[in-house]
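Numbering (my numbering), first residue to last: 1 to 385. Some notes on the structure that comes next.
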Ligand SMILES: [Zn+2]
């Protein structure tokens, strides 16, 4: 039941569109763009800006900060007082330069398009940009449209959080193109995320001749880690994980320092506040050691409020018109930039990106067959919400 002037007409020839999209996305994932390579991320910003050059889209490019890449703000649709729809995508990946050549070459196997960031989230960013461009061309958006492409999501969005919140604050709805889950399901709630760095200082000594004088920082860190990991409480939705550790200078030296990083996930704002206070108040188990903690809750929980549920129902109805049975998943542990806008009370839908699997691994792929249906769904959301 496509409207005569709908942007969906641009996707009518599904086979040709899919071929074109595979080609376009393959070019995107052939550009390595780990967060800390500003050069790589900026090349992605170049190709994204070039992709909309032949459409009525206003492109604003904000220079990178703190050594990170640039940000793009794309605007289209009517100029009106209606609250805009905000689309959020990130173009950085977790894969270091060289992954493409060494471990994860761009290739198609059956329905799978492999490559760094194919699933998280160049696939989603690409298909949403194609939808955005076609809606801009067709002139069918009801509301102003804003598309934000960011350089730093994978490290917690340190340089773009304020912009995301500023644009989110005024938006009527936020659509996030993180990967789809379990056969195309979308995301309507996420846990909050905290990141902490802990430094333990003991006293160094020769491990043979002066053993009794030493205070082993690794031993104290081990005690602290067991306590921290013991806070995991699955029924309450709390998990703690020590994901990085380093310490010591030589095998035969009692180590003075040990450092480790803690990842904490929570389901509620209250749990986040409680665990943050607990972590920042961490004390040594023995006065001969010093424990220092930095960090805090980074992303607030994204809760499935009645407004989120209502937006999901509207998306579900639009998807049904396209022959898609849209489902959502139970609360997921991974955070995204959607957490920032959802925490402001702005109705947010996430997981609207490509279907696939293997995020953050060397087996990462997006499903080719999901490109056109997801682009059509995005176009329909941008035209109708
Ligand atoms: Zn992502």
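Ideal placement from N, C-alpha and C gives every residue a C-beta, glycine not left out.
key: Inside the segment 241–299 only - beta strand (DSSP E) runs reaching at least 3 residues   = Whole beta strand (DSSP E) segments, 3+ residues: 257–266, 290–299.
query = Of all the options 366, 277, 214, 160, which has the alpha carbon lying nearest to the alpha carbon of residue 111?
reply = The candidate whose alpha carbon is nearest that of residue 111 is 366.
request  = State the beta-bridge partners of residue 203 as determined by DSSP.
outcome  = According to DSSP, which records beta bridges pairwise, residue 203 is partnered with 215.
request  = To the nearest angstrom, report how far apart residue 213 and residue 207 are at their CA atoms.
outcome  = Annotation: residue 213 to residue 207 spans about 9 Å, alpha carbon to alpha carbon.
request  = Using three-state DSSP, classify residue 137 as helix, strand or coil.
outcome  = Helix.
inquiry  = According to DSSP, simplified to helix, strand and coil, what is residue 120?
reply    = The three-state secondary structure of residue 120, taken from DSSP, is helix.
query = Cβ of residue 7 within 7 Å of Cβ of residue 135?
reply = Yes. Within cutoff.
task = With a 10 Å radius around its C-beta and 16 neighbouring C-beta atoms as the bar for buried, classify residue 342 as buried or exposed.
result = So residue 342 counts as buried.
request  = Spatial neighbours of residue 1 within its chain, please: CB distance less than 7 Å, with the 5 preceding and 5 following residues excluded, ordered by chain position.
outcome  = Note on residue 1: pLDDT 45, under 50, position unreliable in the model; the coordinate value appears next. Take residue 1, set aside five residues on each side of it, and the residues of its chain with a beta-carbon closer than 7 Å to its own are 321, in chain order.
key: 8 Å contact criterion, which residue 364 and residue 116 should meet: CB distance rounded   = Confirmed, about 7 Å.
task = Give me the Cα-Cα distance between residue 37 and residue 46, rounded to the nearest whole angstrom.
result = Here the alpha carbons of residue 46 and residue 37 stand approximately 14 Å from one another.
key: Cβ distance (whole Å) where residue 57 is taken to contact residue 76 below 8 Å   = Yes, they are in contact, since the Cβ atoms of residue 57 and residue 76 sit about 5 Å apart, within 8 Å.
query = When burial is assigned at 16 or more other CB atoms within 10 Å of the CB, is residue 170 buried or exposed?
reply = So residue 170 counts as exposed.
task = Run the proximity test for residue 44: is its beta-carbon closer than 6 Å to any non-hydrogen atom belonging to ligand 1?
result = Result no, Cβ not under 6 Å from ligand 1.
query = According to DSSP, is residue 65 helix, strand or coil?
reply = Correct three-state label for residue 65: coil.
query = Taking one C-beta from the segment 140–159 and one from the segment 52–68 each time, how about it: are there three or more such pairs within less than 8 Å?
reply = Yes, the segment 140–159 touches the segment 52–68.
query = Buried or exposed: residue 370, going by 16 or more other Cβ atoms within 10 Å of its Cβ?
reply = By the neighbour-count criterion, in which 16 or more other beta carbons inside 10 Å mark a residue as buried, residue 370 falls on the buried side.
ask   = Less than 7 Å separating the beta-carbons of residue 357 and residue 336?
value = Residue 357 places its beta carbon 7 Å or farther from that of residue 336.
ask   = For the putative contact between residue 257 and residue 187, defined by C-beta atoms under 8 Å, what is the C-beta separation to the nearest angstrom?
value = Not quite, the Cβ-Cβ distance comes to about 39 Å (not below 8 Å), so this is no contact.
query = Starting from residue 164 and walking both ways along the beta strand (DSSP E), at which residues does that stretch end?
reply = Note, residue 164: premise wrong, no beta strand (DSSP E); alpha helix (DSSP H) at 161–169.
Whole alpha helix (DSSP H) elements within the segment 323–351, 4-residue minimum = If we require 4 residues or more, the alpha helix (DSSP H) runs fully inside the segment 323–351 come out as 338–343.
key: residue 384 versus residue 173 - alpha carbon distance   = Roughly 11 Å separates the two Cα atoms.
task = Please name the residue, chosen from 205, 300, 139, 362, that lies closest to residue 462 on a Cα-to-Cα basis.
result = Any question about residue 462 goes unanswered here, given that the chain covers just 1 to 385.
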